[in-house]
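Here is the structure we will look at.
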């Protein structure tokens, strides 16, 4: 109990600051969302965007003032894309925060524990050999095969990971990390093998997939990721207190009454679900899961509940803002979103390291 | 005076040598990499690149092809021959193990290290110039014919192919309002990878009298859906080989295409990969593309040529 209370009192003292940081994150997200709706390769006056949204929201008749193209751009492209960017960003950031909490390792992210490599292996397998299955796979599945394959790949990776790291019902965190690295290496080797036999076009398709994109945003895909994102964020709040206790060590957490094994299992399941769905709809987008929780921990401290809330908001804001860059900078071409997040994330991360050298030990 | 004799002897020897080598059937050619290559024996050929293989077969050297790369799939019988792998992932030893007397590789074959090793081998490696227009097709035909020591035959084929291109340009003149199209290579996670300027797809569009809707971008790249929509393509072109994920129901459901004229008119054309191989069949390919983009013009077919009918001939 004392451990939980200690964590709580820390967060209590910080709560004033925490509140303002969370509000700032929410405002950032709102600003990014508005900008994302207003800015794009097609120039639409802000007034028109507002009226199109108004008409779209309240079921008014086809707008008289605006071009039909503008309506399609705002309602069918920018709006779903903004919503999906926010959902994927929130999912990735919270997934990173949960993994870092469970592993008690600030470097844990979905790539490191083998989830993203597993998804990539499945994706490249489909890209290279999917053509062969031509007539045998029902069209409905074949048309959505890439997202389905990558989702399956990340789930298989995490199930294997859990199996490898669990003995007699106990999951060792160190083993999880090692098994994750080993599985990741194995998946990367498999990916390399597929790349070896791939043609130029398949290679190109795969390369762009690994760099991520939000260009496929449709309401259908949002429907696909939404339940998983909710499971992840909801589940993370549920285990937040337990993760606070776990931060002090497994034995200490156990003695404060935390069912450590159950917390680990829940964490792994929700992260797999969230990351699997995010990778399925948008490919691999790095750095969000690593940078966002760190940034928040530096400003609001380690309390997991506010960390998860802040991560969801800031992750959503970061990815939404990055996506504005991705689709406008090189128009008509689209810069892969993973490139943008890495270019923003990595220098920022280095700057943080320089400033807080001591706190990273 | 004294000094003259050795010089005369030297020139005489040189001329004798030249005459001798000519009588032995050796000839030289400057390839696309700028190297001067002496060729004497074309009894066993390795071809790399779909267009190269097609031209070698058209020139009547099909039975001398001992191996080809995996982008060479026409005529059908080449698929029964040993493969040297993918044109950009050649292995020098693998190529030389087939004991070719000459290796004909399209410009862009690789990796560069393998090309470097092969170019230093005793077997001549000839790099065939690549290009995505009418002139480069004719150039390829003449170049390969010259490399194989049959320039006359190459000239005859080039003449017929040039006639096909001329007929094609008459067809293009009939097109009143040109339509625009976008070539979709893949859709990945929903961002279509499309063909910009300086691509083989852009080249075949040009020959077919079709405008490339994607402007201001080079190469095959993912295009932002908004810009694709704004470009308002009137047709979408995909590849037959990749059709499993690129049917009309998938393409026109994407936000990038849902609001385009192409989606309204449901104009999706799937082309086989040889449409992007600039070889002797290119004029015929461009005619087929034009005919499917402008069905109302009922454009006449080009006359069949031996090199466009190899498949049906083989089946018979």
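Residue numbers (the numbering used here), protein chains in the order written: chain A, 1136 to 1496; chain B, 59 to 374. Heads up, the beta-carbon is just placed ideally off N, CA and C, and yes, glycines get one too.
Check                                                                                                                              : Outcome
DSSP state of residue 80/B mapped onto helix, strand, coil                                                                         : Below a pLDDT of 50, predicted positions are generally treated as unreliable, and residue 80/B, at 46, falls in that range; the measurement from the model is reported next regardless. Three-state result, residue 80/B: helix.
Residue 1481/A at chain B interface by Cβ criterion, 8 Å                                                                           : no
6 Å Cβ shell around residue 1254/A - same chain, five flanking residues per side excluded                                          : 1285, 1288, 1289, 1414
Closest by C-alpha distance to residue 1173/A, when choosing among 1460/A, 1384/A, 1232/A, 1310/A                                  : 1460/A
Alpha carbon of residue 1411/A to alpha carbon of residue 1419/A, nearest angstrom                                                 : 10 Å
Range of the contiguous alpha helix (DSSP H) that encloses residue 1475/A                                                          : 1472-1490
Distance between residue 215/B and residue 209/B (C-alpha atoms, nearest Å)                                                        : 10 Å
Proximal residues to residue 1191/A (C-beta, below 6 Å), its chain only, five neighbours per side dropped                          : 1210
Element boundaries [beta strand (DSSP E), containing residue 243/B]                                                                : 238-244
Beta-bridge partners of residue 94/B, as assigned by DSSP                                                                          : 88/B
Residue 1235/A versus 1258/A, 1427/A, 1491/A, residue with shortest Cα-Cα distance                                                 : 1427/A
Unbroken stretches of the alpha helix (DSSP H), 4 residues or longer, contained in the stretch 247-277 of chain B                  : 258-266
Span separating the alpha-carbon of residue 228/B from that of residue 239/B                                                       : 21 Å
Neighbour list for residue 284/B in chain A, Cβ cutoff strictly below 7 Å                                                          : 1175, 1176, 1177, 1208, 1212, 1462
Start and end residues, beta strand (DSSP E) containing residue 1229/A                                                             : First-last for residue 1229/A: 1214-1238, but that is the alpha helix (DSSP H), not the beta strand (DSSP E).
Spatial distance of residue 1354/A from residue 218/B (CA atoms)                                                                   : 53 Å
Inter-residue CB distance, residue 1316/A and residue 1247/A (contact presumed, cutoff 8 Å)                                        : 7 Å
Alpha-carbon to alpha-carbon, residue 1431/A and residue 1480/A                                                                    : 14 Å
Cβ-Cβ distance between residue 1409/A and residue 1363/A below 8 Å                                                                 : yes
Cβ neighbours of residue 312/B in the same chain (closer than 8 Å, five flanking residues each side left out)                      : 245, 248, 250, 283
Exposure of residue 1421/A, with buried meaning 16 or more beta-carbon neighbours within 10 Å                                      : buried
Touching by the beta-carbon criterion (3+ pairs, under 8 Å), the stretch 1366-1380 of chain A and the stretch 1300-1310 of chain A : no
Interface residues of the stretch 1319-1339 of chain A facing chain B [CB-CB below 7 Å]                                            : 1334, 1335, 1336, 1339
The ligand MN heavy atom lying under 7 Å from the CB of residue 1248/A                                                             : For the ligand MN, the structure offers nothing, since it holds no ligand at all.
Member of 279/B, 297/B, 272/B, 146/B whose CA lies at the smallest distance from the CA of residue 287/B                           : 272/B
Residue 1546/A, buried or exposed, once every other Cβ within 10 Å from all chains shown has been counted against 16               : Because chain A spans 1136 through 1496 in this model, residue 1546/A falls outside it and cannot be assessed.
Residue 99/B vs residue 159/B beta-carbon contact at 8 Å                                                                           : yes
Residues near residue 80/B in its chain [Cβ-Cβ closer than 8 Å; skip 5 each side]                                                  : At residue 80/B the pLDDT is 46, less than 50, meaning the model places this residue with poor confidence; the figure from the coordinates comes in the next sentence. Hits under 8 Å: none found.
Buried or exposed by the 16-neighbour rule on C-beta atoms within 10 Å, applied to residue 1089/A                                  : With chain A represented from 1136 up to 1496, any question about residue 1089/A goes unanswered, as that position is not in the structure.
Bridge-paired residues (DSSP) for residue 279/B                                                                                    : 252/B
CB contact check: residue 1138/A to chain B, cutoff 8 Å                                                                            : Here residue 1138/A scores only 48 on pLDDT, less than 50, and its place in the model should not be relied on; the value that follows carries that caveat. Chain B, which has no Cβ nearer than 8 Å to the Cβ of residue 1138/A, makes this no.
Chain-ordered residues of the stretch 126-148 of chain B with a beta carbon less than 7 Å from chain A                             : 144, 146
Through-space distance from residue 281/B to residue 254/B, alpha-carbon basis                                                     : 9 Å
Contact residues within the stretch 1415-1436 of chain A, judged by C-beta distance below 9 Å to chain B                           : 1415, 1416, 1417, 1418
For residue 1449/A, the three-state DSSP class (helix, strand or coil)                                                             : helix
Cβ neighbours of residue 1230/A in the same chain (closer than 7 Å, five flanking residues each side left out)                     : 1245, 1367, 1406, 1409, 1410, 1424
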